[in-house]
Amino acid sequence: MKTTADTFFKEVIAAHGVPAAIMTDRGSAFSSAFFTHLADLLHIKHRMSASQAARLNGSAESVVKRVSELAKIYVDDDTD
Numbered sequence: 001m002k003t004t005a006d007t008f009f010k011e012v013i014a015a016h017g018v019p020a021a022i023m024t025d026r027g028s029a030f031s032s033a034f035f036t037h038l039a040d041l042l043h044i045k046h047r048m049s050a051s052q053a054a055r056l057n058g059s060a061e062s063v064v065k066r067v068s069e070l071a072k073i074y075v076d077d078d079t080d
């Protein structure tokens, strides 16, 4: 069974490589020991926005939402 993560890895990471840096909000998913260790293993600079940067956090949320929507469309189309 294909997951969104599998598709993202095969289609995005395989085509464009691992990002050099990622800017995220301070959500628990991005501040976890797992994500921190994963970023270290992949040599990704992980930067978190300031907690006061509501506009940046809103922009990041919008991008994540749109990428998630596009990934779901791609996965749905690919399973036919």
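Per our numbering, the very first residue in the sequence shown carries number 1; after that it's consecutive. Note that CB positions come from ideal geometry on N, CA and C, so glycine has one too.
For ALA39, the enclosing alpha helix (DSSP H) stretches over residues 33–41. For the options GLU69, ILE22, ALA50, the alpha carbon positioned closest to that of ILE44 is the one of ILE22. Three or more beta-carbon pairs separated by less than 8 angstroms are not found between the segment 4–13 and the segment 26–39, which leaves the two stretches without contact. A straight-line Cα-Cα distance of about 22 angstroms links THR3 and HIS37. Straight across, the Cα-Cα distance linking SER59 with LYS65 is about 10 angstroms.
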